[in-house]
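Number of protein chains: 2
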Amino acid sequence: MAAIVSRCALYHDPAQQERYNARISDLEGQEMNVEQYMTELGQQARDASRLVARADSGLKNRALLAMAEAIDSSRDALAAANQLDLDAARANGLDDAMVDRLALKPATIDTMVEGLRQVAGLPDPVGAITDLNYRPSGIQVGKMRVPLGVIGIIYESRPNVTVEAASLCLKSGNATILRGGSEAIHSNQAVAACIRQGLRETGLPETAVQVVETTDRAAVGALITMPEFVDVIVPRGGKGLIERISRDAKVTVIKHLDGICHIYIDDQADKTKAINVAINAKTHRYGTCNTMETLLVNSAVAAEILPELAERYQGLGVELRGCAQTLEVLPQIVAATDVDWSTEYLAPILAIKLVDDMAEAIAHINRYGSHHTDCIITENYTKSRAFLLEVDSSSVMVNTSTRFADGFEYGLGAEIGISTDKIHARGPVGLNGLTSEKYVVLGDGHIRQ
Amino acid sequence: MAAIVSRCALYHDPAQQERYNARISDLEGQEMNVEQYMTELGQQARDASRLVARADSGLKNRALLAMAEAIDSSRDALAAANQLDLDAARANGLDDAMVDRLALKPATIDTMVEGLRQVAGLPDPVGAITDLNYRPSGIQVGKMRVPLGVIGIIYESRPNVTVEAASLCLKSGNATILRGGSEAIHSNQAVAACIRQGLRETGLPETAVQVVETTDRAAVGALITMPEFVDVIVPRGGKGLIERISRDAKVTVIKHLDGICHIYIDDQADKTKAINVAINAKTHRYGTCNTMETLLVNSAVAAEILPELAERYQGLGVELRGCAQTLEVLPQIVAATDVDWSTEYLAPILAIKLVDDMAEAIAHINRYGSHHTDCIITENYTKSRAFLLEVDSSSVMVNTSTRFADGFEYGLGAEIGISTDKIHARGPVGLNGLTSEKYVVLGDGHIRQ
Chain W
4 MAAIVSRCAL
14 YHDPAQQERY
24 NARISDLEGQ
34 EMNVEQYMTE
44 LGQQARDASR
54 LVARADSGLK
64 NRALLAMAEA
74 IDSSRDALAA
84 ANQLDLDAAR
94 ANGLDDAMVD
104 RLALKPATID
114 TMVEGLRQVA
124 GLPDPVGAIT
134 DLNYRPSGIQ
144 VGKMRVPLGV
154 IGIIYESRPN
164 VTVEAASLCL
174 KSGNATILRG
184 GSEAIHSNQA
194 VAACIRQGLR
204 ETGLPETAVQ
214 VVETTDRAAV
224 GALITMPEFV
234 DVIVPRGGKG
244 LIERISRDAK
254 VTVIKHLDGI
264 CHIYIDDQAD
274 KTKAINVAIN
284 AKTHRYGTCN
294 TMETLLVNSA
304 VAAEILPELA
314 ERYQGLGVEL
324 RGCAQTLEVL
334 PQIVAATDVD
344 WSTEYLAPIL
354 AIKLVDDMAE
364 AIAHINRYGS
374 HHTDCIITEN
384 YTKSRAFLLE
394 VDSSSVMVNT
404 STRFADGFEY
414 GLGAEIGIST
424 DKIHARGPVG
434 LNGLTSEKYV
444 VLGDGHIRQ
Chain D
4 MAAIVSRCAL
14 YHDPAQQERY
24 NARISDLEGQ
34 EMNVEQYMTE
44 LGQQARDASR
54 LVARADSGLK
64 NRALLAMAEA
74 IDSSRDALAA
84 ANQLDLDAAR
94 ANGLDDAMVD
104 RLALKPATID
114 TMVEGLRQVA
124 GLPDPVGAIT
134 DLNYRPSGIQ
144 VGKMRVPLGV
154 IGIIYESRPN
164 VTVEAASLCL
174 KSGNATILRG
184 GSEAIHSNQA
194 VAACIRQGLR
204 ETGLPETAVQ
214 VVETTDRAAV
224 GALITMPEFV
234 DVIVPRGGKG
244 LIERISRDAK
254 VTVIKHLDGI
264 CHIYIDDQAD
274 KTKAINVAIN
284 AKTHRYGTCN
294 TMETLLVNSA
304 VAAEILPELA
314 ERYQGLGVEL
324 RGCAQTLEVL
334 PQIVAATDVD
344 WSTEYLAPIL
354 AIKLVDDMAE
364 AIAHINRYGS
374 HHTDCIITEN
384 YTKSRAFLLE
394 VDSSSVMVNT
404 STRFADGFEY
414 GLGAEIGIST
424 DKIHARGPVG
434 LNGLTSEKYV
444 VLGDGHIRQ
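Chains as they are written, first to last, in my numbering: chain W, 4 to 452; chain D, 4 to 452.
Have a look at this one:
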């Protein structure tokens, strides 16, 4: 098998390190091919998923807290493993931003520990029965929330995703197979060791969370084409990764594609709200998927609102690009091209387009947007209702910053991503998005007439 | 294009017939290939879906009632078209049961008309906002139910499925592309003409419901691999069809696989309930997916329950096949083989297996079942709770006939199928299963801190 993780010091417990070394030697010695290896992980995950699905909340929470403890007390081992990745990244000429994303700083580890404790504190969705009602036949019919089974997660660089994803999947009663970026392989394996320790200490199967131990790309191809072992794939990364996985996968993919978010300032907008929200949605953070990328302004109020707004953007260092009509109001900015309307800048750049009415704004959003998050600023009741209904995005807002599109802000407790798809899960995906519902039917000897 | 539908008399309105003839001639004359043709249907469906998604309940209901009216007043044209299919079926040597399924009898047409009126009377799920709550930030966050977009339906023989599927998709705000069996092509086109008439009369686009006009199998291949035009596929038919489609589809498939349903009679079952439910679940109807196919009996009560139960089954003409232990109690029946445990008989045949405890029953169900519907008969509280939690099926029941697993019985009003899958929809799929939810966020100039 190509590129198996090197035998690094992952454990502070010598016996654990010995077991890990033996496992890696086995893999190397057997020259096991990647498909066999992934099939083995898949079968183990499927078996473990049955036990995790039945684990009660207390057991799952104890495992999450034990993982937090293991990470908290493995800071040296984590730092050593991370150093191997950082050295390799620098040797491979990765840029500073990439190296920074890879670094497991003490604060990052604090966040991982705290995140695990928070997930332990969330309500357990599994087994919740809702809508249990009597039917005319006399039977009671309700729905019980149940885990999906096995979730495959494919992600890039940041090693803390390993903990976030594993904890949400475990809490929702699912087994997970995680496939992180090759540049973080040592860090991810060190984190995986802590996760396994937490599982083992509480009596849950270690195979409930498995982090793929090879950087061979064939592992991804295998993971997304094993419907017998994997029920859903959650890719977390760039658009290219997600499109590739969606194209080739043989199971449902919960897609988190790009966020080309819009704010439409209506001719009946309150000017102060419009400016405050438009500033916040663009400048609160530049690199997030719920950041506004295109501002649509009703041409009737452009002259009133845009000059003041542009001054504030420019004071904050935001580059503005406008359509021909916008340039008439803001002659100092550069012209936007068609490419701008479908670009997720993730940077201090904003495209501005004037529209004649809400219908034109909605048509633009449904055509150029990414079905992520879009907002209207208006005081008009009828238009707010129509906008909510007609914009085909995972979050549709009135008079609110797009930056609120987030699992925590929505009250989900945590999120594994924001689905821009319509099937199964849409918008921020929390614990419920990683579950399904089965029907439960209670009777007293009822038969069908 | 191969095997385009022949130019038959579908319409009582000569002008309509003329338009249809011209359309077919166009298709024949152009030698349009199937991929081009399906792409055209797909684009038309995508365009229509935007209009249907925004159509209000009154408009959709008027269209459904107009379709009912069109079918009711086109009985002669429907019978003439159906006769072409029946003649072809007999000429092709189809067996009587198949020919019977194909026949559009007056009672079948009555059911179609009545079905359309019932769907018009169901509550409209689209636009319903739930869980709209204030968050600590001051924003209000809720979920709005929205259509999926375009639904592709692939089905076999029975032409009344055309109406059922079209009406449920329209009511839930979706456009549909329907691909029926080649043996029903004339009947389906005649039904499609009535559907189009209803859409046209109420001002909805006729392309909101399109019935594929070619019997070329390549049409199916195209339909399931156009994620840009089709959002979800619902196959209705045999296991072979569904497995083939699931394997090749590039979009989510709402699968209705086989129903290998179990009843487990616990050692703490009430004998009368056990016998009544077991008789009903097997003999109420033999050909339905929610009919029991395997009976599991706790060995401690086998001698008490099985002889009386067997006598009743045999009086009703049900063939019994038992495991070795069962044969000790019922020496008169034949031995079951391993194949029996994973067979959906759809016939008056029942496999019986003795188990030592509930755990063995659950293990058998999760291994050999089809995750459709399974039931425990017990008076024991703890076991009923554990069975509900641990059996991994779309419907899990206590002391109730499996025959209740049905959209009408569950209060969904109607169903497009029963999903044995976990993603998106599970169990009977009604109007809600053909929709998704987007987040709606209401604020008053709120910005993220």
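The C-beta atom is built at its ideal place from N, Cα and C for all residues, glycine as well.
Check	Outcome
Where do the N-terminal and C-terminal ends of the beta strand (DSSP E) with Asn402 (chain D) fall, by residue?	Ser398 to Thr403
Who are the neighbours of Asn279 (chain D) on chain W, taking C-beta pairs under 8 Å?	Gly448 and Ile450
Applying the criterion that 16 or more other CB atoms from any shown protein chain within 10 Å of the CB defines a buried residue, is Asp270 (chain D) buried or exposed?	buried
Closest to Ile157 (chain W) by CA distance: which of W:Ser439, W:Pro150, W:Ala82 and W:Ala169 is it?	W:Ala169
Closer than 8 Å, CB to CB, is Tyr40 (chain D) near chain W or not?	no
Leaving out five residues on either side along the sequence, give the residues of the same chain with a beta carbon under 6 Å from the beta carbon of Arg315 (chain W).	Ile282
To the nearest angstrom, how far is the alpha carbon of Ala303 (chain D) from that of Leu309 (chain D)?	11 Å
Just the C-alpha distance for Arg49 (chain D) and Val153 (chain D), rounded to the nearest angstrom, thanks.	6 Å
Can you tell me which residues form a DSSP beta bridge with Pro109 (chain W)?	Partner(s): none; Pro109 (chain W) has no beta bridge.
Measure how close the beta-carbons of Asn293 (chain W) and Thr405 (chain W) come, nearest whole angstrom, since I'm counting them as under 8 Å.	5 Å
Ignore the nearest five residues each way along the sequence and tell me which others in Tyr442 (chain D)'s own chain have a CB closer than 7 Å to its CB.	Val144 and Lys146
Within a Cβ cutoff of 6 Å, which residues of the same chain sit near Arg161 (chain D), ignoring the five residues on either side of it in sequence?	Arg104
What distance in whole Å lies between the Cβ atoms of Val254 (chain W) and Asp234 (chain W), which are believed to be in contact at a cut-off of 8 Å?	6 Å
Counting only beta-carbon separations shorter than 8 Å, does Ile142 (chain W) have a partner in chain D?	yes
Gly201 (chain D) and Ala80 (chain D) - do their beta-carbons sit closer together than 8 Å?	no
Using a Cβ-Cβ cut-off of 8 Å, state whether Asn64 (chain D) counts as contacting chain W.	no
Tell me which residues of the stretch 413 to 437 of chain D have at least one Cβ-Cβ distance to chain W shorter than 9 Å, keeping chain order.	Tyr413, Gly414, Asp424, Lys425, Ile426, His427, Ala428, Arg429, Gly430 and Pro431
In chain D, which residues lie less than 8 Å from Leu151 (chain W) when you measure between Cβ atoms?	Lys425 and Ile426
Applying a beta-carbon distance threshold of less than 9 Å, which residues of chain W neighbour Phe407 (chain D)?	Arg138, Ser140, Ile142, Val144, Val444, Gly446, His449, Ile450 and Arg451
What residues of chain D sit near Gly453 (chain W), judged by a beta carbon separation below 8 Å?	The requested residue 453 (chain W) is not part of the displayed model; chain W covers only 4 to 452.
Within its chain, find whatever has a CB closer than 7 Å to the CB of Leu171 (chain W); leave out the 5 residues flanking it on each side and keep chain order.	Val122, Ala417, Ile419, Leu434 and Leu437
Gly147 (chain W) touches chain D at which residues, Cβ-Cβ below 8 Å?	Position check: residue 147 (chain W) holds Met in this sequence, whereas Gly was assumed. Near Met147 (chain W) (Cβ distances below 8 Å), the residues of chain D are Leu391, Leu392 and Val399.
Quick check: is the beta carbon of Arg57 (chain W) nearer than 8 Å to any beta carbon in chain D?	yes
What's the C-alpha gap between Ile379 (chain D) and Leu323 (chain D)?	20 Å
Quick one: what's got a C-beta closer than 7 Å to Gly130 (chain D)'s C-beta in the same chain, skipping five residues either side?	Met147 and Arg148
Starting from the beta carbon of Lys276 (chain W), find every residue of chain D whose beta carbon is closer than 8 Å, and list them in chain order.	Asp447 and Gly448
Pairing CB atoms from the stretch 370 to 377 of chain D with CB atoms from the stretch 321 to 340 of chain D, are three or more of them under 8 Å?	no
Along the chain, where does the beta strand (DSSP E) containing His287 (chain W) start, and where does it finish?	His287 (chain W) -> no beta strand (DSSP E), and no H or E assigned at all.
Cβ of Val215 (chain D) within 8 Å of Cβ of Ile180 (chain D)?	yes
Among the candidates W:Leu44, W:Glu167 and W:Gly118, whose CA atom is the shortest distance from the CA of Phe232 (chain W)?	W:Leu44
With distances taken from CA atoms, which of W:Arg138, W:Leu135 and W:Asp75 is nearest Ala110 (chain W)?	W:Asp75
Where DSSP assigns a beta bridge to Asn163 (chain W), which residues make up the other side?	DSSP lists no partner for Asn163 (chain W).
Output the boundary residues of the alpha helix (DSSP H) element that contains Glu209 (chain D).	First-last for Glu209 (chain D): undefined, no H or E at that position.
For the stretch 259 to 267 of chain D against the stretch 233 to 247 of chain D, are there 3 or more C-beta pairs whose distance is under 8 Å?	yes
If you run the structure through DSSP and keep just helix, strand and coil, what is Pro128 (chain D)?	coil
For Val102 (chain W) and Ala92 (chain W), which I take to be in contact (beta-carbon distance under 8 Å), what is that distance rounded to the nearest angstrom?	5 Å
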